[in-house]
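Going down the list, the protein sequences come from chains D, R, A and Z. Residues 470 to 803, numbered by our numbering, are exactly what the first sequence covers, in order. Residues 470 to 803, numbered by our numbering, are exactly what the second sequence covers, in order. Residues 470 to 803, numbered by our numbering, are exactly what the third sequence covers, in order. Residues 470 to 803, numbered by our numbering, are exactly what the fourth sequence covers, in order. Idealized CB from N, CA, C, for every residue including glycine. Please read these numbers as outputs of a predicted model, since none were measured by experiment. Here's the structure, in structure tokens; my notes come after.
Number of protein chains: 4
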Amino acid sequence: MIGKILTLTTFGESHGPAMGGVMDGVPAGVDIDLEALQRFVDRRRTGQSACSSTRDERDRVEVLSGIWQGKTLGTPIGFIVRNTDARSGDYEDIARCYRPNHADYTWQAKYGIRDPRGGGRASARETVARVVAGGIAMQVLDKLGIIIESAIKQVGPCVVETAADVEPLAAEAARCGDTLGGVVACTVKGVPAGLGEPVYGKLHAQLASAMMSIPSVHGFDYGDGFDMAAKRGSEVMDVFEKREDGTIGTRSNHSGGIQGGISNGEDITMRIAFKPVPTLMRPVPTVDREGNPVTLQPRGRHDACVLPRVLPIVESMAALVILDNYLIKKTNVL
Amino acid sequence: MIGKILTLTTFGESHGPAMGGVMDGVPAGVDIDLEALQRFVDRRRTGQSACSSTRDERDRVEVLSGIWQGKTLGTPIGFIVRNTDARSGDYEDIARCYRPNHADYTWQAKYGIRDPRGGGRASARETVARVVAGGIAMQVLDKLGIIIESAIKQVGPCVVETAADVEPLAAEAARCGDTLGGVVACTVKGVPAGLGEPVYGKLHAQLASAMMSIPSVHGFDYGDGFDMAAKRGSEVMDVFEKREDGTIGTRSNHSGGIQGGISNGEDITMRIAFKPVPTLMRPVPTVDREGNPVTLQPRGRHDACVLPRVLPIVESMAALVILDNYLIKKTNVL
Amino acid sequence: MIGKILTLTTFGESHGPAMGGVMDGVPAGVDIDLEALQRFVDRRRTGQSACSSTRDERDRVEVLSGIWQGKTLGTPIGFIVRNTDARSGDYEDIARCYRPNHADYTWQAKYGIRDPRGGGRASARETVARVVAGGIAMQVLDKLGIIIESAIKQVGPCVVETAADVEPLAAEAARCGDTLGGVVACTVKGVPAGLGEPVYGKLHAQLASAMMSIPSVHGFDYGDGFDMAAKRGSEVMDVFEKREDGTIGTRSNHSGGIQGGISNGEDITMRIAFKPVPTLMRPVPTVDREGNPVTLQPRGRHDACVLPRVLPIVESMAALVILDNYLIKKTNVL
Amino acid sequence: MIGKILTLTTFGESHGPAMGGVMDGVPAGVDIDLEALQRFVDRRRTGQSACSSTRDERDRVEVLSGIWQGKTLGTPIGFIVRNTDARSGDYEDIARCYRPNHADYTWQAKYGIRDPRGGGRASARETVARVVAGGIAMQVLDKLGIIIESAIKQVGPCVVETAADVEPLAAEAARCGDTLGGVVACTVKGVPAGLGEPVYGKLHAQLASAMMSIPSVHGFDYGDGFDMAAKRGSEVMDVFEKREDGTIGTRSNHSGGIQGGISNGEDITMRIAFKPVPTLMRPVPTVDREGNPVTLQPRGRHDACVLPRVLPIVESMAALVILDNYLIKKTNVL
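Here it is as structure tokens:
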């Protein structure tokens, strides 16, 4: 589960009957556009490329509760997304071996059992439930004037300017059977000052935890982040000023919209680092469960770079955190 | 509060009577050496420099419950550390103005009230309670053969090789009334495979959240971290092998001891980026509560670089997370 | 959500597409018999009467995740039960009026909106999800030798000896368009000593909360309960003795298997009081949303007494609490 | 810990240095009268009897954080109450034996270790921390017009009309070295409609859990409670009416101010059953840790009936639950 007042609980193995979740604590009486929600979920499936899915390739969202006549009821929003490619034949080697940089070995260590079909619950397919919930949270935030955006900033070692830059880089890596990671930037605009808990639940700690829970994420920073460590105090000072509308703001935003763990009203900025896709399209050495060396042969078709698909996931996790903290803020005064 | 089975709740304003906390869920019957605990807490006060505090400058830990005759009882461990420098005269300007890169403005926005004395609860003094709890957790982990280490890797833009490198860099910044941040590395050795929750409570997500809750932290990564985003899948593959003792491990450790959010038995490695100390020793422009421009004059004496002092805090947060997950692991099978 | 390590989150409105839930923290590798689970869920639908449901009247449980090849995976067990009688026509008066002793008025006050179809989420249909989860928990407990039983002890003012006694009493009340409540007893056998948290999470406090969360419950006690308040200390003393097998136990069990909030190894005994069914089969005076007096006419067919159906619900709530505490107990020592 | 937004964490063994707690989530900017708080805490020590403690016998409350210049800061309120009678000599027999109806045996089973001095954390002394927190919560509720009252209704088998009735009954039991329990009623007035979570966190389930966490409590009901089980639906119907001020209310209050788990604006009424004090002032048979029969001799002085002292504890637990739910209610709509 993630969240405190607004919570999300999810379930589902990649090749089981369905993925799904329960989103609790969504305020009552908010209009939700289920068509728009479906379109948001579709973004995760297709990435940003133009040549994308037709209707019947969709991950169709079935909302089972909590929304009635287009409005939230305040009750838990239960939903499922059926899995359609429940192949069961081709996971013998995953069941027997530990793929490098995957979770096979660690799940076995934790549970003593694992569902090897398509990676089971360790599959990135798990994120579809996050995007359903995140899409709902974003619609609620939208009513509050809070907007979340994300963009790919780096693919492998290359700085990326537009989404179109990604495909040739990925194609080149794929030609060698190799894969790429990268860096995504996310910005939240319109957040009022005062959100976040000041000690253990600092707003950036919650965001870090949420982003780090996305498969393949290996790093998180906000504001000037790691670069800030290299600068002097005088270089990163966000000096306050009175603005024309009478409000107080900062001239710069090295702090990334958060000071002392609480939002200050400026844009919240953060970066999320993804490791390269662990599944290579070339033979890979590993061991089986007894430790004997084996070679895994490439199978099926895998993306060489998943960054275009992660954007709605990143936005979803940001939305869940921000909305939860927006609600908690209401309890800080009588 | 932080943690699930092993939890820590803390309290205290910088210039109030005391800081303190309650640590719940510590297993019963474990020997705790309170003298060693005091020495660990002292590390936070003095940093690594030689010319450090004499006995009576200590943050004296008073354990009020949960430990009896040198053993944990399984009951909540309550403790306090008295504040001794409860000056009350010199915070007029903090009460009236918003210091840049501090939490004055955001606390005011959140609560409509704040204790300006020494920064109140937003002061880094808050971390003393974490170190008490972390020190206890480290003693418990020690019985399990789990060891936590940390080191300063970067101060401002400079790579640091030894602790002795820090002081001249800090002194140079201090001469200009300026301050430095830096990067700390933390390693956890001896962690068994299988710790961590696989989806929202990934072990690195919990570590990120814990580290991000330390004042001034702006970035976190683990394993090869942000560098991993720039590499190809084939370059960061941690290939499994059977070791001489018959166990399975990986030849390299780009993954930082965690795969799919669960420990794999290798060393857990992470980096934590600290922003420069926000309090400069030079006049600083800002606004008062009405938005009028004012200049804050430097006061008192502040460190130009706090990295030597943060090491026990970083280790403490790691210890709390690892021990909590060690206990939770026990519930994964009947 | 209910529980700490073993948690249950549920969703669903009575006349929405489905009820469902997510059960997290079930230990991995435990055999689950889904046919037996279905039969347990069927008990809730049909009560104890002989003339009960045929196959196609079933609340069919669809397990969507967390169980594979008949074994728990340690991952969240997601499940749904479709609603089949999603009539939408006949709830106009519920939408407009507040039925006495129902939750119409209070839900409106809390959320400003409610789903009036069949009571929405306030319907007792919600309990189907608890029984699915409880049935799974009971199968796990069974492996541990922990058995949960329940029985009707009182229907209206009458002491009940056998289940067959209930029907004539209910029929008599129904003839006047009236309804009955009653008292259920629940016993948990085979619980090891040492389960329960000693202060706020006392085992009986958790059981009370769990039972009180069942619709219509108005009272809970354990051991000699309310009767114990009328007795002297010397009358309710459970004297310890050494048994033939060398273990220590108590000669009597006034304490109901719990002392100081922790199980002592004796049978855990408790009583749960249910108010009469609030829906009468006679005209009922009330007000509409503007406060105007109106008379609600009886509709459909409602049970005059639901006690036979609540037994599996009571057992389910007990099972969830006991299993959660069984798992937490593992963390009390290193 | 108890609570969700407003939480209380406590610590302390009876004969350790201090009892204490941390209350988090109290809204910021609320005036707290610390003198009044001390008087409330004193009620727990002295009960209602006239011949009560002089000033210097007080449990003196030390607030260590979270309140500044008479106002809450929104930060955690840490507090301690020193233990003064930390005798250490006379607990040999408790350490060696299991007192009947006490928690000695069950704590040993749970933790494998226990502090026998005065019952350690299992002592009712633990409740002093609840009363400090409850007293603060009651002051906050008072600003909202919410008032909590409690009264003794039954002592042993006798109905009690005034507090003065208790002493002769207790004295008579004490003459035989015996003890009494009883029943306390608690009423919360002025609660707005709409508080409580509708499924697992029903308001009465939270109240039951809170009351059941008080030492010696064996039963809880609300509204007509167990008596309701014996009545017909038509007898307990709380018919709605429009009142002169235009609001909607109920003519009767069999439901005890809660319908479907949510407050309806009427008085919340509940009863709490206490078992007789377990410590008799006569020789008591039991076993030692090896199971050998032993006789415990009476020691010190113990109350024959503690009901007068439990009233502020009952009120405190009610206050914590109601305030928490008041705050959570704010998050139900945008």
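- The Cβ of F509/R sits no closer than 8 Å to any Cβ of chain D.
- For the set G725/D, Q538/D and T476/D, the Cα lying nearest the Cα of E735/D is the one of G725/D.
- Around the C-beta of D559/A, fewer than 16 other C-beta atoms lie within 10 Å, and the residue is accordingly described as exposed.
- For G688/D, the enclosing beta strand (DSSP E) stretches over residues V686 to Y691.
- The three-state secondary structure of G547/Z, taken from DSSP, is strand.
- With contact defined as three or more Cβ pairs closer than 8 Å, the segment 689 to 697 of chain Z and the segment 688 to 705 of chain A are in contact.
- Around the Cβ of E641/D, a 10 Å sphere holds fewer than 16 other Cβ atoms; the residue is exposed.
- In the three-state DSSP reduction, T596/A falls in the helix class (H, G or I).
- Only F709, E710, K711, R712, G715, T716, I717, T719 and H723 from the segment 709 to 723 of chain R bring a Cβ to less than 9 Å from some Cβ of chain D.
- Scanning chain A for C-beta atoms nearer than 9 Å to the C-beta of P496/R yields T800, N801, V802 and L803, reported in chain order.
- For the 8 Å CB-CB criterion, M488/D and H673/R do not form a contact.
- Neighbourhood of V597/R in chain D, by CB distance below 8 Å: empty, with the nearest CB roughly 13 Å away.
- When the five nearest sequence neighbours on each side are left out, the beta carbons in the same chain lying within less than 6 Å of the beta carbon of E710/D are those of R720, in order along the chain.
- By the beta-carbon neighbour count (other beta carbons within 10 angstroms, threshold 16), G588/R is buried.
- The C-alpha of V657/R lies about 30 Å from the C-alpha of Q538/R.
- The C-beta of I474/A comes closer than 8 Å to at least one C-beta of chain R.
- For the 8 Å CB-CB criterion, I605/R and V753/R do not form a contact.
- Interface with chain Z (8 Å Cβ-Cβ cutoff): K540/R is included.
- Within chain D, the residues placing a beta-carbon under 7 Å from that of S534/A are F480, G481, E482 and G485, ordered along the chain.
- Rounded to whole angstroms, the separation of the alpha carbons of E561/A and H484/A is 14 Å.
- DSSP places S721/Z outside any beta strand (DSSP E), giving it a letter other than H or E.
- In this chain, T476/D is not harboured by any alpha helix (DSSP H); it is covered by the beta strand (DSSP E) spanning T476 to F480.
- For M706/A, the closest Cβ of chain Z is nearer than 8 Å.
- Per DSSP, reduced to three states, the secondary structure at A698/Z is coil, with no helix or strand assignment.
- Two segments are said to touch when three or more pairs of C-beta atoms, one from each, lie closer than 8 Å; by this definition the segment 612 to 620 of chain Z does not touch the segment 566 to 585 of chain Z.
- Taking a Cβ-Cβ threshold of 8 Å, none of the residues of chain R is close to I731/Z; the smallest such distance is about 27 Å.
- Contact annotation, L789/Z with A679/Z: C-beta distance approximately 7 Å; criterion of less than 8 Å satisfied.
- In terms of beta-carbon proximity, L477/D stays away from the interface with chain Z, with every pair separated by 8 Å or more.
- Counting C-beta pairs with one atom in each stretch, the segment 564 to 572 of chain R and the segment 762 to 780 of chain D have fewer than three that are closer than 8 Å, which means they do not touch.
- In summary, K612/Z is exposed, with fewer than 16 beta-carbon neighbours lying within 10 Å of its beta-carbon over all protein chains present.
- With contacts defined as CB atoms closer than 8 Å, I782/A and R527/A fail to qualify as a contacting pair.
- For the alpha helix (DSSP H) assignment, the uninterrupted runs of no fewer than 4 residues enclosed by the segment 655 to 688 of chain R are, from N- to C-terminal side, 672 to 681.
- Cα atoms of G603/D and P684/D: separation of roughly 16 Å, rounded to the nearest angstrom.
- Rounded to whole angstroms, the separation of the alpha carbons of K744/R and L506/D is 38 Å.
- The beta-carbon of F548/R is placed no less than 8 Å from the nearest beta-carbon of chain D.
- Going by C-alpha positions, C627/A is about 20 Å away from H723/Z.
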